[in-house]
Amino acid sequence: MTRQKLSFLASPKPEAADACQLLRARYGHVSAEDADIIVPVGGDGLMLETLHKHMTEGKPIYGVNFGAVGFLMNTYDLDGLPDRIAEAEPAIIHPLAMMAETVDGERHSAMAINEISLFRQTRQSAHVRIIVNGKVRMASLACDGVLLSTPAGSTAYNLSAHGPILLIDAQLLALTPISAFRPRRWRGALLPLSAQVRFEAIDPERRSVSAVADNQEVRNVIAVDAAEDRSISMTLLFDRGHSLEERTLREQFDF
65 MTRQKLSFLA SPKPEAADAC QLLRARYGHV SAEDADIIVP VGGDGLMLET
115 LHKHMTEGKP IYGVNFGAVG FLMNTYDLDG LPDRIAEAEP AIIHPLAMMA
165 ETVDGERHSA MAINEISLFR QTRQSAHVRI IVNGKVRMAS LACDGVLLST
215 PAGSTAYNLS AHGPILLIDA QLLALTPISA FRPRRWRGAL LPLSAQVRFE
265 AIDPERRSVS AVADNQEVRN VIAVDAAEDR SISMTLLFDR GHSLEERTLR
315 EQFDF
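In this note's numbering, the protein residues as written are 65 to 319.
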């Protein structure tokens, strides 16, 4: 069987760069354009960067962890990489598409692997109207912010904001408030993957709001539309026995 061509990418951390060089020397290296599989060596931040850069190429991505958490990465081992990749368990994920309109009438599009978030820009709380599939579900949420998370991103910022962990095949999105003030006891909602979500800033001149798709920020927004884009599929590869589903299950019992 022909060995698959690998493209190794490294984070700026010296130890990740050194490991990347060892992997390249052992298994060969081609450009991402010529590769069958892309192998980022670093942390979850590098994985997100790699997913964004190669989002529409359809190439599987096998991450090697040299970061702080590495939830989306695999344990580093210089030996046996081709065999581990051949036996890896795939996880298919889809991004969220964001369209944000600003107070000056500009429209900005962006994609998110983890979440789309709205944040207050000043000392005053944000007031946000939430519309799902054309129906107003919350007339006014007073908060520091609110986010819409994918299953893959549910263990990231969503979890820090006390949102639910979603299994990768849960067919759900998590709508989670960030420091909600009114209604005080609202803890968010679970939405179907097909949901079309619209956030509208109430009084945006006085209570300015920014929108962020992963790490792409648009400031002074008046409205944000968000929905899963199923026309884009990305494949993450995980070592056998350490699938994304298994990691998500384990995360719920890890205290």
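Beta carbons are placed, not taken as given, at the ideal position from N, Cα and C, and that holds for glycine.
Look at residue 228 here: in three-state DSSP terms it is coil, with no helix or strand label. By the Cβ-count criterion, residue 197 is exposed, with fewer than 16 other Cβ atoms from all chains shown falling within 10 Å of its own Cβ. By the 16-neighbour rule on beta-carbons within 10 angstroms, residue 177 is buried. The beta carbon of residue 280 lies closer than 6 Å to those of 174 in the same chain, with the five residues before and after it left out. DSSP places residue 199 within a strand segment (E or B) once states are collapsed to three. Exclusion of the five residues before and after residue 289 leaves 163 and 262 as the residues of its chain whose Cβ lies within less than 6 Å of its Cβ. Taking each of 232, 213, 74 and 308 in turn and checking the Cα distance to residue 252, the smallest one comes out for 213. Residue 241 is bridged by DSSP to 210. Residue 119 and residue 298 have their C-alpha atoms roughly 7 Å apart.
As the crow flies, the alpha-carbon of residue 257 is around 33 Å from that of residue 140. Setting aside the 5 residues that flank it on each side, residue 243 is surrounded in the same chain by 207 and 208, each with a C-beta closer than 7 Å to its C-beta; the list follows chain order.
Take the alpha-carbon of residue 80 and the one of residue 130: they are about 6 Å apart. In the structure shown, residue 149 adopts helical secondary structure according to DSSP, grouped into three states. The shortest C-alpha to C-alpha distance from residue 200 to any of 183, 264, 76 and 152 is the one to 264.
Residue 219 and residue 136 have their C-alpha atoms some 10 Å from each other. Shown here, residue 269 sits in coil according to DSSP, grouped into three states, outside any helix or strand. Look at residue 111 here: in three-state DSSP terms it is helix.
Less than 8 Å separates the beta-carbon of residue 282 from that of residue 166. Rounded to whole angstroms, the separation of the alpha carbons of residue 127 and residue 203 is 42 Å. C-alpha of residue 224 to C-alpha of residue 291: approximately 22 Å in a straight line.
With contacts defined by Cβ atoms closer than 8 Å, residue 205 and residue 241 form a contacting pair. About 4 Å separates the beta carbon of residue 293 from that of residue 161, a gap short enough to meet the 8 Å contact definition.
For the stretch 286-316, the full-length beta strand (DSSP E) segments reaching 3 residues or more read 298-302 along the chain.
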